[in-house]
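A short worksheet on the structure shown next.
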Amino acid sequence: MKLTKHNFLGFFSGAVIFSVSVSSIFSQEQKIQELNSADFTVLPTAKQVSPKGDEILKENNRIFRQYQKDIELNNKLKRIPLQHQKPSDFPTSFYYSYTVKADTDNYLTTFNGLSARLQISQGTLATVNSISSPELKIGQKLILPINQGLFIAKKPDSALEILMQNEYSAQIDTETTAEIQIDGRSFYFLPEKNFSGTDIAFFHDNSMILPLNKKVLTSPFGYRTSPISGKWTFHAGIDLASPLGSDVYACKSGLVTKVDYNSTYGNYIILLHNGGKTSLYAHLSKTLVKKDDRVNTGQVIGLVGTTGASTGPHLHFEVREKGNPTDPGKLIK
Numbered sequence: 024m025k026l027t028k029h030n031f032l033g034f035f036s037g038a039v040i041f042s043v044s045v046s047s048i049f050s051q052e053q054k055i056q057e058l059n060s061a062d063f064t065v066l067p068t069a070k071q072v073s074p075k076g077d078e079i080l081k082e083n084n085r086i087f088r089q090y091q092k093d094i095e096l097n098n099k100l101k102r103i104p105l106q107h108q109k110p111s112d113f114p115t116s117f118y119y120s121y122t123v124k125a126d127t128d129n130y131l132t133t134f135n136g137l138s139a140r141l142q143i144s145q146g147t148l149a150t151v152n153s154i155s156s157p158e159l160k161i162g163q164k165l166i167l168p169i170n171q172g173l174f175i176a177k178k179p180d181s182a183l184e185i186l187m188q189n190e191y192s193a194q195i196d197t198e199t200t201a202e203i204q205i206d207g208r209s210f211y212f213l214p215e216k217n218f219s220g221t222d223i224a225f226f227h228d229n230s231m232i233l234p235l236n237k238k239v240l241t242s243p244f245g246y247r248t249s250p251i252s253g254k255w256t257f258h259a260g261i262d263l264a265s266p267l268g269s270d271v272y273a274c275k276s277g278l279v280t281k282v283d284y285n286s287t288y289g290n291y292i293i294l295l296h297n298g299g300k301t302s303l304y305a306h307l308s309k310t311l312v313k314k315d316d317r318v319n320t321g322q323v324i325g326l327v328g329t330t331g332a333s334t335g336p337h338l339h340f341e342v343r344e345k346g347n348p349t350d351p352g353k354l355i356k
């Protein structure tokens, strides 16, 4: 698609944020805007804070004032008819970057605190940075677009991104929806969109519960003598004995990525959670969810059984972080 001055301004005010100059954009033939976060305006650096060294993201910082002014200019530009818009109305920068720094009261080290201080919606801040849970780390680099909206990943790689793609797929037209590539990742940009109430609840759900009410721990996490083979083997989860047909709950909100059967696990379910965790529920007598379902913490997803390599009714329960088995007992309150 060729960008004329008229439809460029329409894109700018309603869909696309550009970090390139107005004069150069008119010559581009591509619809995809390729951006590099290394080119974004940085706010603020150590040399730009007060002599005390602790006043970050404050009005006395020149770059932060520019960031706030650019947000105001961008919001004002949206209210100006296309025929009256001119390059002098445009903000000086359309993207900024910020590295999470320690502050005296820790407010600016939290996702909610930064979202409020930077005047950026939670949906925008989370999706443009591929953040799947509200846990930030000191030194983490964040991208800050001055235009609000949702960045829907073309190739999602987390539970949140998969859910957002499923939720907003009907609003994406591959021919007309703006596509933005940032540091090699491609996103569809939906202006003025934000997390729904269910999206916010899913995003902020960091709790993890036991998947059963009535249970007895019969085999802990770690090496053990297998009750099936009699050999000394590594047990990647925990076994919880429970009456046949007992409800099995999702330990945390997530996305159902697999519902299947094999000779070891019997009937089993795998959930993908925010933060790169997965949970597995095995030996079920019945599964009550299907692939791509969204589930909430505590939702019944199956029934206790003894299918597969099992010596009696129980639930084999695993939690993995980035593919590595983790002791569920250390994660569940």
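Numbering (my numbering), first residue to last: 24 to 356. Even glycine gets a Cβ: it sits at the ideal position worked out from N, Cα and C.
Between glycine 328 and leucine 233 a beta carbon distance of about 18 angstroms is seen, past the 8 angstroms cut, so the two are scored as non-contacting. In this model, lysine 238 and histidine 337 are separated by some 8 angstroms (Cα to Cα). In this structure leucine 307 is not in contact with threonine 301, their Cβ atoms being roughly 16 angstroms apart against a cut-off of 8 angstroms.
Beta-bridge annotation (DSSP): lysine 300 is paired with Glu344. Considered as a whole, the region 198 to 259 harbours 202 to 205, 208 to 214, 239 to 242, 245 to 248, 255 to 258 as its complete beta strand (DSSP E) runs of no fewer than 3 residues, in chain order. Under DSSP, aspartate 270 takes part in a beta bridge, and its partners are Leu326. With a contact defined as Cβ atoms closer than 8 angstroms, leucine 173 and leucine 213 qualify at about 5 angstroms. Taking the CA atoms as reference points, arginine 317 sits about 45 angstroms from histidine 107. Shown here, glutamine 56 sits in a strand according to DSSP, grouped into three states.
The three-state secondary structure of glycine 277, taken from DSSP, is strand. Across the set Leu240, Arg85, Asp283, Lys281, the C-alpha of Leu240 shows the shortest separation from the C-alpha of serine 265.
Aspartate 262 sits close to phenylalanine 340, with the two beta carbons spaced by under 9 angstroms. Pairwise C-beta distances place the region 97 to 107 out of contact with the region 118 to 126, as fewer than three of them are shorter than 8 angstroms.
For leucine 58, same chain residues with a beta-carbon under 8 angstroms away, outside a window of 5 residues either side, are Ser42, Tyr118, Ile203, Gln204, Ile205, Asp206 in chain order. The three-state reading of DSSP puts alanine 61 in helix, counting H, G and I together. Tyrosine 191 sits in a helix when the DSSP states are folded into three classes.
Take isoleucine 161, set aside five residues on each side of it, and the residues of its chain with a beta-carbon closer than 8 angstroms to its own are Val123, Lys124, Ala125, Thr132, in chain order. Look at leucine 307 here: in three-state DSSP terms it is strand.
Note that the C-beta distance between threonine 64 and serine 156 is not below 9 angstroms.
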